[in-house]
Amino acid sequence: MSDSGTLEEAYERLHRTGPEFDGWLSNHGPMAVEAMVRHGYDRDVHRWLDGYVARLDELPRGASPVGGGEWREALGDARRLGDWLAFFDGELRERPWRDVLETWWPRLLPGIAAGATHGVIRTGHAVHALLGFEDETRLAELGQALGYWAARWQPVAAAGPPSGTADPGRALDGVPRVPDQSKGINHRLDQLAEVAGWGPAVAALRPAADAEQARARLAELADAATLRYLTHAHGNPVMLVHAATAPTAVLRTLPALPQDLWAGSLDAAWAAGAAVTAAYAPAEPVARQDLPAGAGPAEEVFELAVRHGDEHVIKLADTALDVHRRTGDPDALAAVARAATLISPFAS
Numbered sequence: 000m001s002d003s004g005t006l007e008e009a010y011e012r013l014h015r016t017g018p019e020f021d022g023w024l025s026n027h028g029p030m031a032v033e034a035m036v037r038h039g040y041d042r043d044v045h046r047w048l049d050g051y052v053a054r055l056d057e058l059p060r061g062a063s064p065v066g067g068g069e070w071r072e073a074l075g076d077a078r079r080l081g082d083w084l085a086f087f088d089g090e091l092r093e094r095p096w097r098d099v100l101e102t103w104w105p106r107l108l109p110g111i112a113a114g115a116t117h118g119v120i121r122t123g124h125a126v127h128a129l130l131g132f133e134d135e136t137r138l139a140e141l142g143q144a145l146g147y148w149a150a151r152w153q154p155v156a157a158a159g160p161p162s163g164t165a166d167p168g169r170a171l172d173g174v175p176r177v178p179d180q181s182k183g184i185n186h187r188l189d190q191l192a193e194v195a196g197w198g199p200a201v202a203a204l205r206p207a208a209d210a211e212q213a214r215a216r217l218a219e220l221a222d223a224a225t226l227r228y229l230t231h232a233h234g235n236p237v238m239l240v241h242a243a244t245a246p247t248a249v250l251r252t253l254p255a256l257p258q259d260l261w262a263g264s265l266d267a268a269w270a271a272g273a274a275v276t277a278a279y280a281p282a283e284p285v286a287r288q289d290l291p292a293g294a295g296p297a298e299e300v301f302e303l304a305v306r307h308g309d310e311h312v313i314k315l316a317d318t319a320l321d322v323h324r325r326t327g328d329p330d331a332l333a334a335v336a337r338a339a340t341l342i343s344p345f346a347s
């Protein structure tokens, strides 16, 4: 992570804005700038933000503080967004951030679908930044991320723990699609409990025997979702990015968590990835021979994403480079080129 101070400057600009805009769209700014700085694109951050911040809403104010005894009732109440932001701001001023995360991670994890998984994704980026360097601005970003997750807390329907024998790639292939794909993510997720085969599909993943195996399986899940994006992205090129970036966010958070939380983290990340896949996967993949030529070398892929400018392409590139380092599979890089083709560029 660069020590130029650019990330802190970017966070300070973004912390004057809310976690959502235009009703319920997620503010991707903190996630994108963290990735840009970490990959050495400090010089592009403020230019990108100049265009992006103009789209955002003001930071919401709290009205009724979240008390220590009522947090369960306040989870998932989007009207309390300002209250939750204030709550975690206070928590992180009074307690070490790892203690706050250890307390709240298992409380928030069952609601991993929050904000179309953006609650956990923003948290993963914030933790990744803090693991590199701790300061007040990065702590404030973690508070914003956790507050957003708490306010939009949303479980994945009927998702029991894995108990099967399938690896992540085969398990994703077995996820059934929701029947009505005409509306937004909440409408699609609401159908899951009634989808024939949803429960068995979630159970099909091979469970982890210990913490290290949970970490390895999380990496395999991020790998499988990223590689799958290449041939399935046309189902919804924006939303299917999250099938890869959500497990990546969880994976990056593990070093800050006790190992006894790792297996449950895998289970939740798998449920989230499977839910996004069920909600947005196309009826049929694109045949490999119908795809354009792949991306350039790894060192050019993140530059491609920054030039393109869309926050989803930037976040997918961030994940895809991890996948390519682990697997050596060029399809991880090609997935970024595919996203840049299907998603409209952001004119900053």
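Here numbering that gives the first Met the number 0 is used: the first residue of the sequence shown is 0, the next is one more, and so on.
All C-beta atoms, glycine included, are put in the ideal place defined by N, C-alpha and C.
Quick caveat: nothing in here was measured; it's all calculated off a predicted structure.
Rounded to the nearest angstrom, what separates residue i and residue j at their Cα positions?
{"i": "E219", "j": "S63", "result": "42 Å"}
{"i": "T136", "j": "D289", "result": "46 Å"}
{"i": "A208", "j": "R324", "result": "25 Å"}
{"i": "A334", "j": "T340", "result": "10 Å"}
{"i": "F301", "j": "A210", "result": "31 Å"}
{"i": "L24", "j": "L138", "result": "23 Å"}
{"i": "V249", "j": "W152", "result": "16 Å"}
{"i": "L80", "j": "G114", "result": "12 Å"}
{"i": "H117", "j": "A286", "result": "30 Å"}
{"i": "A282", "j": "G173", "result": "12 Å"}
{"i": "I342", "j": "D189", "result": "26 Å"}
{"i": "P291", "j": "V36", "result": "30 Å"}
{"i": "Q212", "j": "W269", "result": "14 Å"}
{"i": "F132", "j": "G4", "result": "11 Å"}
{"i": "P257", "j": "G142", "result": "20 Å"}
{"i": "A336", "j": "T318", "result": "13 Å"}
{"i": "Y279", "j": "D43", "result": "32 Å"}
{"i": "G295", "j": "A304", "result": "12 Å"}
{"i": "G196", "j": "R251", "result": "31 Å"}
{"i": "T276", "j": "L48", "result": "30 Å"}
{"i": "H127", "j": "V194", "result": "36 Å"}
{"i": "A331", "j": "A297", "result": "9 Å"}
{"i": "A85", "j": "P178", "result": "39 Å"}
{"i": "Y10", "j": "E140", "result": "7 Å"}
{"i": "E299", "j": "G39", "result": "12 Å"}
{"i": "D328", "j": "L226", "result": "8 Å"}
{"i": "R306", "j": "H45", "result": "14 Å"}
{"i": "R187", "j": "A112", "result": "12 Å"}
{"i": "G50", "j": "A242", "result": "27 Å"}
Need the endpoints of the alpha helix (DSSP H) that residue i sits in, please.
{"i": "Q212", "result": "210–231"}
{"i": "H311", "result": "310–326"}
{"i": "F132", "result": "Looking at the DSSP string, F132 is not in any alpha helix (DSSP H), and its letter there is neither H nor E."}
{"i": "V201", "result": "197–202"}
{"i": "S264", "result": "261–279"}
{"i": "W152", "result": "Element bounds for W152: n/a, residue is neither H nor E."}
{"i": "G50", "result": "41–51"}
{"i": "F345", "result": "Element bounds for F345: n/a, residue is neither H nor E."}
{"i": "R12", "result": "5–13"}
{"i": "P329", "result": "329–341"}
{"i": "L256", "result": "Counting along the chain, L256 falls outside any alpha helix (DSSP H), and DSSP gives it neither H nor E."}
{"i": "G168", "result": "167–172"}
{"i": "M35", "result": "28–37"}
{"i": "G290", "result": "The sequence shown places Leu at residue 290, not Gly. Unbroken run through L290: none, as it is neither H nor E."}
{"i": "N235", "result": "Run containing N235: none; DSSP gives neither H nor E here."}
{"i": "E379", "result": "Residue 379 is absent from the model: the chain starts at 0 and stops at 347."}
With 7 Å as the threshold, decide whether the Cβ of residue i is near any Cβ in chain C.
{"i": "F301", "result": "Annotation note: the requested chain C is absent from the structure, which comprises a single protein chain."}
Assuming residue i and residue j make a contact with CB atoms under 8 Å, what is their CB distance in whole Å?
{"i": "G234", "j": "V201", "result": "19 Å between Cβ atoms; not a contact."}
{"i": "T247", "j": "D321", "result": "7 Å"}
{"i": "L107", "j": "W148", "result": "5 Å"}
{"i": "G366", "j": "W83", "result": "Residue coverage of the chain in this structure runs from 0 to 347, which leaves residue 366 outside it and unanswerable."}
{"i": "V156", "j": "A192", "result": "Sequence check: residue 156 is Ala here, not Val. Confirmed, Cβ separation roughly 4 Å."}
{"i": "L253", "j": "P105", "result": "The Cβ separation is near 13 Å, so there is no contact."}
{"i": "R12", "j": "V52", "result": "6 Å"}
{"i": "G110", "j": "G61", "result": "So it is not a contact: roughly 20 Å between Cβ atoms."}
- Task: Could you name each continuous alpha helix (DSSP H) segment of 4 residues or more that falls completely within the segment 56–119, going from the start of the chain to the end?
- Result: If we require 4 residues or more, the alpha helix (DSSP H) runs fully inside the segment 56–119 come out as 70–73, 80–93, 96–107.
- Query: Are the segment 224–234 and the segment 252–266 touching, with three or more C-beta to C-beta distances below 8 Å?
  - Reply: With a cut-off of 8 Å, the segment 252–266 and the segment 224–234 do not count as touching, because too few Cβ pairs lie within range.
- Using 8 Å as the Cβ pair cut-off and three pairs as the minimum, do the segment 90–98 and the segment 221–231 touch? With a cut-off of 8 Å, the segment 221–231 and the segment 90–98 do not count as touching, because too few Cβ pairs lie within range.
- Take every Cβ of the segment 310–320, pair it with every Cβ of the segment 30–45, and state whether three or more of those distances are shorter than 8 Å. Enough Cβ pairs lie closer than 8 Å, so yes.
- Do the segment 95–102 and the segment 66–73 make contact, defined as three or more Cβ pairs closer than 8 Å? Verdict: no, contact absent.
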